[in-house]
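Notes follow the structure.
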Amino acid sequence: MIRNHPLLLGATLFALAASGAQAQNDQALKNDAKSTGDVLTYGMGYNNQRYSPLKQINTGNVKKLAPVWAYSLNNTQSHESQPIVHDGVMYVTTHDSTVAINPLTGKQIWKTAVELPQDVFKYACCGILNRGAAIYNGKVYRTTLDAHVIALDAKTGKQLWKSKAAEYTDGHAQTAAPLIVNGVVMTGIAGGEYGTRGFIDGWDANDGKKLWRLYTTAAPGEKGGDTWPGDTHSKGGAPTWLTGAYDPELDLVYWGTGNAGPWNPQVRLGDNLYVCSVLAIRPKTGELVWHYQFSPNDPYDYDATEVGMLVEIKGRKVLAQANRNGFFYVLDRTNGKLLAANPYVKVNWADKIDMATGRPVESEATKKVRAGEDVQIWPSVLGGKNWTPMSWNPATGLAYANTLNMSWPYQIVKQDYKKGEWYLGMNMRGVTMPKDEPHGYLSAMDPMTGKSKWKMPWPGQPSMAGTLSTAGGLVFTGAATGEFIAVDANTGKKLWQFQTSSGIIGLPVTWEHKGKQYVSIVSGAGGVWALLGDERMAATPAGGSVWTFALQP
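What follows is the structure, encoded as structure tokens:
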């Protein structure tokens, strides 16, 4: 009988085995926030909480933390990568390579170069960098500055497929770690400063075939298309240059969108959907289920690309985001309903967020800006918090983030679009530092009120690093001057620090092996802060490295 044919039987068994392996990998990703031996996702779990239940390293013994190894990335550019750890291997990315490292010894297992066009660097807006990889079913996935998605063999580093997302010469780039859900590799795009149109792509994890694309500016005839005059949506920005979060129970992926283009809001009068928003989408199809827009018409580059965290507050599923516009938002993540929106830093561009409409009530300062006046605006173009993610501790109910205390002078100007060049439409003059106040803090914030339980000021330069929270009562983060630090999550008291020799703008992770807890961080100064040309950066050497720490015996 045909059903007993050995070739057919073999193919059936192979398909069943492949299906079983995929299901096992899907479940491992869903469990990442609870598992402790691996770090499989950007955000240390689909919920993006960056929280670990590990507590071997705690407030009582963190002073005994010491480096186990350091690995040189042989790269003097910016380093914002989050390490991932799987099956006894750590994977770290730079803009021009992917490396596999033994996480116990720091010994390199393999290193695969990224082939890039020589002129790609003039199209990269805000640092020559990459923010991390994803792993799934024996493959390591990453994005590239010339807007490609790559899959590598996890054991050898051999390239298995490469798919093109966009033309880099238009100003498009990719820097974020992919998000993988049920065999779909999701990636975003950068380039909102270049008059590009943002999108989110879904790719087949096996072969790199594009499954769907969701554009993040609405075209005429589409829902929201009437919020753009003429064809301004085609150069309207809404980039998607960070990684989203996922709720498996709701089967919803949450992805943040960035600034409108150009920055001059008078060119594109209207709400400009879906700039500066969070989009709730179906991972299999890219279908948009709901959205919430934080900054309609976006006058100030207050992007929402750092999507925030999926947490439970008083038994309710919420998305909590400390937006760059200075307000801390809490949304019901089942439907996008606004539950709270309060300032967590100094804000003068809006008086408040109207809880009935969800819209900002613009201030007199913003009205003057729209009229063409030169006005000092809080927070600055860098936001109340920049791109680096915050973390959550369910025991304290607090979010831990590096916040900024800066303003900027804002004045709109007329500017024509030119392909591959910045398309801002404003008088760019950097940021203004207050004279007698810290320029940034490590803040422990209540999402529902925006108020800080404590704030640890950064002396000199503010920190652009991400944070990590643990059940040991600790918050780990890094300083622009290179110190990797541990802070008491309840009091903000600094308990430990170690100099990594270059500024930290990366994202710490923690994991365990055979009952021993380790903490890892990528060091390497650069990023958007370095582009501002702050003279204090001159004392901080460049150079990327990976560090791993554990308790001394």
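The opening residue of the sequence shown carries number 9 in our numbering; numbering runs sequentially from there. Don't be surprised by glycine CBs; every beta carbon is placed ideally from N, CA and C.
Nearest CA to the CA of N267: which residue from S60, G316 and T204?
The shortest C-alpha to C-alpha distance from N267 to any of S60, G316 and T204 is the one to T204.
Cβ pair count under 8 Å reaching 3, the segment 351-367 against the segment 320-337:
These segments touch.
Distance, Cα to Cα, S451 vs G229?
Distance from the CA of S451 to the CA of G229, rounded to the nearest whole angstrom, comes to 44 Å.
Helix, strand or coil, according to DSSP, for W537 in the structure here?
The answer is helix: DSSP assigns W537 an H, G or I state.
Endpoints, the beta strand (DSSP E) within which A558 is located
From DSSP, the beta strand (DSSP E) with A558 extends over S553 to L559.
Report yes if the CB atom of F211 is closer than 8 Å to the CB atom of V193, and no otherwise.
Here residue 211 is Trp; the residue named in the question, Phe, does not match the sequence. In contact: W211 and V193 (Cβ atoms closer than 8 Å).
How many Å lie between G135 and A473 at the Cα?
Cα to Cα, G135 sits roughly 15 Å from A473.
Check K72 in the structure and name its three-state DSSP category.
It is helical.
Could you check which residue in Y59, E381 and G534 has the C-alpha nearest to that of T404?
Measuring from the Cα of T404, the nearest candidate turns out to be Y59.
Only counting the same chain, and skipping five residues up and downstream in sequence, which positions put a Cβ closer than 7 Å to that of R11?
For R11, the predicted structure reports a pLDDT of 49, less than 50, and the residue's modelled location is therefore unreliable. The matter cannot be settled from this model.
Using only the alpha-carbon positions, how far apart do D259 and G468 sit?
Rounded to the nearest whole angstrom, the C-alpha separation of D259 and G468 is 44 Å.
Per DSSP, which residues does L160 bridge with? Please list them.
Per DSSP, V148 and Q167.
Using beta-carbon positions only, say whether K243 and Y431 come within less than 8 Å of one another.
Between K243 and Y431, the gap from beta carbon to beta carbon is short of 8 Å.
May I have the straight-line CA-CA distance separating R324 from Y300, to the nearest angstrom?
Looking at the two C-alpha atoms, the distance is approximately 18 Å.
Given that a residue counts as buried once 16 or more other Cβ atoms are within 10 Å of its Cβ, and exposed if not, what is K427?
So K427 counts as exposed.
Take every Cβ of the segment 280-297, pair it with every Cβ of the segment 83-93, and state whether three or more of those distances are shorter than 8 Å.
Output reads no: the segment 83-93 does not touch the segment 280-297.
Buried or exposed for M363, going by 16 or more other Cβ atoms inside 10 Å?
By the neighbour-count rule (16 or more Cβ atoms within 10 Å), M363 is not buried but exposed.
Of the listed residues G534, H241, A546 and M464, nearest to L503 (C-alpha basis)
It is M464.
Any non-hydrogen atom of the ligand SAM within 7 Å of S27 CB:
By its list of ligands, the structure shown contains no ligand whatsoever, and the ligand SAM lies outside what it can speak to.
Ignoring anything shorter than 3 residues or poking outside the segment 350-419, list the beta strand (DSSP E) runs there in chain order.
The segment 350-419 contains these whole beta strand (DSSP E) runs: 358-361, 368-370, 383-385, 399-401, 406-412 and 416-418.
Simplified DSSP assignment, three categories, for Q329:
Annotated three-state conformation of Q329 is strand, per DSSP.
DSSP three-state assignment for R437, whether helix, strand or coil
Coil, per DSSP.
Is it true that the CB of T508 sits closer than 8 Å to the CB of P111?
No, the pair does not count as a contact, with Cβ atoms beyond the cut-off.
With a CB to CB cut of under 6 Å and the five nearest residues on each side skipped, what residues in its chain are close to V389?
Closer than 6 Å at the Cβ level, and outside the excluded window around V389, lie D309 and W416.
In whole angstroms, what separates the C-alpha of T478 from that of N69?
C-alpha separation (whole angstroms): 14 Å.
Can you check which of these residues, D161, H103 and R276, is closest to A213 by C-alpha distance?
Relative to A213, the option among D161, H103 and R276 whose CA is nearest is D161.
Evaluate F129 with the Cβ neighbour count: other Cβ atoms within 10 Å of its Cβ, from every protein chain shown; 16 or more gives buried, anything less gives exposed.
With fewer than 16 other Cβ atoms within 10 Å, it is exposed.
If we require 3 or more residues per run, which beta strand (DSSP E) segments fall completely within the segment 489-542?
Counting whole runs of 3 or more residues, the segment 489-542 contains the beta strand (DSSP E) stretches 491-496, 502-507, 517-521 and 524-531.
For S242, three-class secondary structure by DSSP:
Three-state result, S242: helix.
Reducing DSSP to helix, strand and coil, say where K463 ends up.
Strand at K463.
CB-CB length for V483 against T475, believed under 8 Å
The pair is a contact, with the Cβ atoms about 6 Å apart (cut-off 8 Å).
Rounded to whole angstroms, what's the CA-CA distance from M9 to N33? Just pull it up for me.
No answer about M9 holds up, because its pLDDT of 42 lies below 50 and its placement is not dependable.
Who pairs with F336 in a beta bridge, going by DSSP?
Answer by DSSP bridge pairing, in chain order: A330 and N350.
Short check: CB of G532 to CB of G552, under 8 Å?
One thing to note: G532 has its Cβ within 8 Å of the Cβ of G552.
Determine the DSSP secondary structure at G200, reduced to helix, strand or coil.
Reduced to three states, the DSSP call for G200 is helix.
In whole angstroms, give me the CA-to-CA distance for A550 and I208.
Between the C-alpha atoms of A550 and I208 there is a straight-line separation of about 32 Å.
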